[in-house]
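Oh and the sequence shown: position 242 is 416 in our numbering, straight run, nothing missing. Idealized CB from N, CA, C, for every residue including glycine. Each remark here refers to the structure printed beneath this line.
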Amino acid sequence: MFEGISGQDAEGFLRYLSDLYHRFNIARDHFLQRPFRNRKDFYNPFIISQGLKLRTLNNAENLMKKYIKDKRMRQMISFQTLYIGISPNKGPSLYTIIPMIEFLYGIWFIKGGMRTMASAMERLFLELGGKIEYDTSVDRIVIEEGKATGVSAGQKTIGSDFVMCNADFPYAMKNLVKEPGHKGKYKDEKIDKMEYSCSCFVLYLGMDRKYPEIDTVHNFIFSEKLDANINQIFDGSVIEDPSLYMYMASKIDPTLAPEGKDGIYVLMPLSDIKTMKYQWTAETSKMYRDKIIGKIRELPGMEDIENEIVTETMVSPLDFEQQFNANNGATFGLKPTLTQSVHLRPQSKATHCDNLYFTGSSTHPGAGVPIVLLSSKIAVGELLKDENHR
Ligand SMILES: Cc1cc2nc3c(=O)[nH]c(=O)nc-3n(C[C@H](O)[C@H](O)[C@H](O)COP(=O)(O)OP(=O)(O)OC[C@H]3O[C@@H](n4cnc5c(N)ncnc54)[C@H](O)[C@@H]3O)c2cc1C
175 MFEGISGQDA EGFLRYLSDL YHRFNIARDH FLQRPFRNRK DFYNPFIISQ
225 GLKLRTLNNA ENLMKKYIKD KRMRQMISFQ TLYIGISPNK GPSLYTIIPM
275 IEFLYGIWFI KGGMRTMASA MERLFLELGG KIEYDTSVDR IVIEEGKATG
325 VSAGQKTIGS DFVMCNADFP YAMKNLVKEP GHKGKYKDEK IDKMEYSCSC
375 FVLYLGMDRK YPEIDTVHNF IFSEKLDANI NQIFDGSVIE DPSLYMYMAS
425 KIDPTLAPEG KDGIYVLMPL SDIKTMKYQW TAETSKMYRD KIIGKIRELP
475 GMEDIENEIV TETMVSPLDF EQQFNANNGA TFGLKPTLTQ SVHLRPQSKA
525 THCDNLYFTG SSTHPGAGVP IVLLSSKIAV GELLKDENHR
């Protein structure tokens with residue numbers, strides 16, 4: 175495809191892959207898989223020299239200009255920073271490793287969808303002797319004499335040797351850790367001042383038929399004015415002409431829709447609640463829902479989509495905040511800016527309380543399922559290190 179546009183850009187694309195692969199190896203070996211608990215974990219000559227090699231001060235779009243001249247081609251491999259809720263025009267250029275990973279390692283699908291991963295982890299946990307309390311909302315991490323001793327949920331208190339908190343870090347610090355002295359530097363004012371990733375509006379549609387006219391599982395529908403669209407996502411304005419990710423999993427996994435039908439999931443990135451300059455109401459959901467349907471209707475074979483919808487579920491930034499406790503409805507947690515990354519991102523071990531650990535997208539190394547799983551691995555490593563040390 176790149177060759178079809180320009181031979182020079184095709185060469186630039188290969189140079190981009192090679193350069194970013196080099197930087198990815200440095201990030202993977204020295205930054206992504208380890209904790210930064212103490213200042214000296216980062217501020218030492220070796221790590222600083224590796225950090226400089228990452229050359230991440232530039233933003234994604236500017237970095238891409240060095241490799242590729244055609245703006246559309248550039249946009250095709252810089253918009254992926256949106257996967258972790260950050261603007262391609264502002265975020266650190268290192269995140270252009272995301273499309274590189276897609277190109278080199280491919281895109282993988284778990285049979286049954288993401289739910290299979292959650293249920294597989296549940297099964298493993300139960301096999302190992304774990305016990306899960308379902309539908310239970312924790313309202314406090316119990317801390318006694320500087321040590322976490324369990325959690326409380328309504329009338330119930332569950333005691334434990336350690337607490338590993340997977341709720342969104344900013345929300346947890348604000349709401350579950352009650353004593354300011356146990357929050358360290360993450361007091362409420364600091365949490366409110368931090369920068370948050372974007373949010374999204376999601377439509378889940380059960381359709382009355384299959385769509386052979388669309389032959390791909392993953393579809394990106396770009397705004398005609400992508401720059402303006404990205405500005406609106408991050409400056410809090412109403413999104414005029416959205417960009418969409420349309421996913422049709424039933425095309426590769428028929429178990430995900432009734433026979434002869436398709437299921438469609440559409441994701442539209444928009445501002446987190448703190449950044450949003452407008453109030454989210456039922457009318458806002460309706461407005462965005464109609465914009466989404468309007469854009470999909472332009473695709474081949476989907477002209478009559480409105481009449482072919484059998485079931486419809488909407489998930490808004492308010493739902494992410496209220497149902498999943500994502501602070502500000504920011505679906506990818508704290509924004510991975512330079513000042514909120516690596517040693518400057520919340521770490522797994524609580525700084526002002528023993529036996530308390532955090533994991534999840536707002537902690538180091540960041541958002542997205544594979545990266546969150548790395549954060550859980552780091553957090554477990556930290557916990558075991560402390561236990562063995564005792
Ligand atoms: C629409 C959408 C699409 C995405 N697509 C992709 C993708 O294709 N690939 C990818 O890699 N990533 C994707 N992501 C990002 C990915 O889902 C997240 O980065 C990841 O799930 C974050 O994991 P987590 O464990 O930090 O948080 P979560 O998965 O949100 O888990 C936190 C859990 O804690 C629970 N919780 C919160 N508060 C409490 C409480 N007080 N008591 C009890 N439980 C509580 C919540 O209910 C939630 O279940 C997507 C995200 C969204 C929103």
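Chain B within 7 Å of residue i, Cβ atoms only
| i | result |
| --- | --- |
| D401 | The question asks about chain B, but that chain is absent: this structure has only one protein chain. |
Environment of residue i [buried if 16+ CB atoms lie within 10 Å]
| i | result |
| --- | --- |
| V440 | buried |
| P416 | buried |
| W282 | exposed |
| R189 | exposed |
| D464 | exposed |
| Q521 | buried |
| L512 | exposed |
| A201 | buried |
Boundaries of the alpha helix (DSSP H) in which residue i is found, first to last residue
| i | result |
| --- | --- |
| A456 | 456-470 |
| L379 | Unbroken run through L379 is the beta strand (DSSP E), 373-381; no alpha helix (DSSP H). |
| N405 | 400-409 |
| G507 | First-last for G507: undefined, no H or E at that position. |
Residue i Cβ short of 6 Å to ligand 1 heavy atom set
| i | result |
| --- | --- |
| T458 | no |
| G542 | yes |
| S515 | no |
| L548 | no |
| C374 | yes |
| G534 | yes |
| L492 | no |
| S311 | yes |
| M441 | Correcting the residue type first, residue 441 is Leu in the shown sequence and not Met. The answer is yes for L441. |
| F394 | no |
| T505 | yes |
| N501 | no |
Nearest candidate by alpha-carbon position, reference residue i, set the options
| i | options | result |
| --- | --- | --- |
| F408 | E387, R383, M450, S417 | M450 |
| N340 | K551, S267, L558 | K551 |
| I315 | C372, I306, V325, K321 | V325 |
| T310 | G328, S293, I317, L298 | G328 |
| L430 | G265, N501, G286 | G286 |
| G475 | R383, Y452, G503, I545 | R383 |
| I483 | D313, Y378, P443 | Y378 |
| C527 | M338, M420, L418, Y452 | M338 |
| Q514 | P266, T255, L226 | P266 |
| Y385 | I438, K239, V546, K367 | I438 |
C-beta contact flag for residue i and residue j at 7 Å
| i | j | result |
| --- | --- | --- |
| F506 | A541 | yes |
| P539 | L298 | no |
| V391 | K425 | yes |
| G259 | S371 | yes |
| I467 | E486 | no |
Residue span of the beta strand (DSSP E) that contains residue i, given as start and end
| i | result |
| --- | --- |
| P344 | That residue, P344, is in no beta strand (DSSP E); its alpha helix (DSSP H) goes 343-349. |
| T485 | 483-489 |
| F532 | 530-532 |
| E363 | E363 -> not in any beta strand (DSSP E); alpha helix (DSSP H) instead, spanning 362-367. |
Distance cut-off 6 Å: residue i Cβ against heavy atoms of ligand 3
| i | result |
| --- | --- |
| A341 | Of the ligands one can find in the structure shown, namely ligand 1, none is ligand 3. |
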